[in-house]
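Novice: Okay, here's the structure, questions in a sec.
Numbering (the numbering used here), first residue to last: 73 to 121.
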């Protein structure tokens with residue numbers, strides 16, 4: 073993929089996305105994994121400790 077096609081995404085969530093967890097956490101994990109596999113950079117921002 074050409075460098076110009078790569079993007080940086082900011083992902084804001086209150087829980088760490090992980091596979092095999094509750095539905096929304098698994099979905100978020102899959103989405104982030106897809107973006108990274110496509111060559112994009114994904115920054116995670118947690119809204120609580």
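The beta-carbon is built from N, C-alpha and C at its ideal position, and this holds for glycine as well.
Note that this is a predicted model, so its numbers are computed, not measured.
For residue 117 and residue 87, I'd like the C-alpha separation in whole angstroms.
Specialist: 10 Å
Novice: Under the three-state reduction of DSSP, which class applies to residue 111: helix, strand or coil?
Specialist: coil
Novice: Looking at residue 101: is its Cβ nearer than 7 Å to the Cβ of residue 91?
Specialist: yes
Novice: Can you have a look at residue 121 and say buried or exposed, based on whether 16 or more other CB atoms are within 10 angstroms of its CB?
Specialist: An exposed status is given to residue 121, since fewer than 16 other beta-carbon atoms sit within 10 Å of its beta-carbon.
Novice: According to DSSP, simplified to helix, strand and coil, what is residue 77?
Specialist: helix
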